[in-house]
Structures are given as structure tokens and as C-alpha cells.
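Peer 1: In numbering that gives the first Met the number 0, the protein residues as written are 0 to 152.
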Amino acid sequence: MNPSLRLRLRLRLRDDDGSALLLTIFYGFLSLVLIFLVVAATSLYLERKRLFTLADGAALVGAESYDLDDVLRTPQGFRPQLTPTKVADAVGEYVAAAPTTEFDGLTIEQATSVDNSSATVSLSAYWKPPFVSLLVPEGLRIEVTANARSVFS
């Protein structure tokens, strides 16, 4: 093989013009994908926290949905007796009066008193990400459950 041809081939193999540009494009794309995923995960987390705050308030209202006639004297002191219908009515009124326009498809899944001393409220809503991509679904149904116990002293 001709030495000048060998030298030109060796120089051409060492020449890496454009490889930094390809790496920059790849890492830029990877960074954007990671940023999109973090933004979507943060949005989901905040939506769940907001829904849980609403459910927690609704459970508190449900736990306080007794009349004074419903308070019984027990060896441990006075205890209110909750009824599932009163809890459900109070939770329904609370959710209807609360600012719920930011929730998409808000549903009261459960509003009851299982043991007649605490209220259990389950709410669900549909979460939509700030933007849709291949790695993030178009939306998810999120559900939260909150419990509250009423103590009479």
C-alpha cells in the first residue's frame, strides 16, 4: 500500500468532525425527555395532594355530621354515633360547595361510616399531564381515601 495513501487514511480515521454535534443533539434530546418526565410526575403528585386535601376536608365534615341527640355516654366518655346516610349527605354538600372546577371528572367513590365513630371518604378524579408524549400517558384516574374520627369531649 502506498505510504501517502496510508497516511491519508490514518488522518481520515482520526478526523472526528461532527461527532460532538451528534453527542450534543443526543444529550439535548435526553435532557428534554427527562425534563418532560419530571414535570409530568410533579403534576401528578400535586394533583393527588390537592385531591387528598379535598378528601381530608370532606372526611372531617363527615365525622362532624352528628346531632347532639346522636351522642351516647359510654364508659370511655361521650361518643358520637355517626350514620352512613348523614355522612354521605354532609360529604356531598361539602364537595358541591368546594371549589372543584380544577378537577376533571371528580367523583365521590365512597362516603360512609363503617364503625359508627369515623367517616371514610374516597374521591377520584382524572389527571391529565401538562403535555402528552410517548412516555407519558394521556391521563390517569387517581383515587384517594381519607378517614376522620370525631371525638367529643
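Ideal placement from N, C-alpha and C gives every residue a C-beta, glycine not left out.
Here the structure is a predicted model, which means the values were calculated and not measured.
What did DSSP end up calling Y138 once you bin it into helix, strand or coil?
Peer 2: It is worth fixing the name first, because residue 138 is Gly in this sequence and not Tyr. Of the three classes helix, strand and coil, the one that applies to G138 here is coil, per DSSP.
Peer 1: How about V154 and A57: are their beta carbons less than 8 Å apart?
Peer 2: Because the chain is modelled from 0 through 152, residue 154 falls outside the range shown and cannot be assessed.
Peer 1: Here's a check: name, in chain order, each residue in its chain whose Cβ is nearer than 7 Å to the Cβ of R148, leaving out the five neighbours to either side.
Peer 2: Here the set comprises A62, S116, S117.
Peer 1: Does DSSP put E63 in a helix, a strand or coil?
Peer 2: E63 falls in the coil class under three-state DSSP.
Peer 1: Grouping DSSP H, G and I as helix and E and B as strand, with all else coil, what is D68?
Peer 2: D68: helix per DSSP, three-state reduction.
Peer 1: Nearest-angstrom Cα distance between A19 and L36?
Peer 2: A19 and L36: Cα-Cα distance of roughly 26 Å.
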